[in-house]
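Novice:
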Amino acid sequence: MEVISEASRHLGSELKAQHKNVRWKDIAGIGNILRHDYQRVDATIIWNAVNDDLPPLKAALLALKASLQ
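Residue numbering for the sequence shown follows the working numbering, starting at 7 and increasing by one per position.
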């Protein structure tokens, strides 16, 4: 999750605008919690991020990959 969070910060605003269903701020924010406030990490937060945030992110990245081929 930390790696995904950090990588999401380096994506261009154009890509993010094309995939508004991805909760970009939440993805970036979870990394901050994991890196700096890990005593506050709740398993429910992680579970929700995996179930709610990763599927749209995966779809956006697969679409990007397809457009580059």
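Positions of the beta carbon are idealized from the N, C-alpha and C atoms, including for glycine. Being a predicted model, the structure only gives us computed values, none of them experimental.
With burial defined as no fewer than 16 other Cβ atoms inside 10 Å of the residue's Cβ, what is the status of serine 14: buried or exposed?
Specialist: Start at 1 with the first residue of the sequence shown, and residue 14 comes out as number 8. Buried.
Novice: Hey, could you find the ends of the alpha helix (DSSP H) glycine 18 is sitting in?
Specialist: Numbered from its first residue, the sequence shown carries residue 18 at position 12. Per DSSP, glycine 18 belongs to no alpha helix (DSSP H) and is neither H nor E.
Novice: Go through its chain and collect everything with a Cβ distance to aspartate 58's Cβ below 8 Å, but skip five positions before and after it.
Specialist: Numbered from 1 along the sequence shown, position 52 holds the residue referred to as residue 58. The residues are Arg29.
Novice: For histidine 42, name the three-state secondary structure that DSSP assigns.
Specialist: Along the sequence shown, read from residue 1 onward, the residue named residue 42 stands at position 36. Helix, per DSSP.
Novice: Should leucine 74 be labelled buried (16 or more other beta-carbon atoms within 10 Å of its own) or exposed?
Specialist: Position 68 of the sequence shown, counted from the first residue, corresponds to residue 74. Exposed: under 16 other Cβ atoms inside 10 Å.
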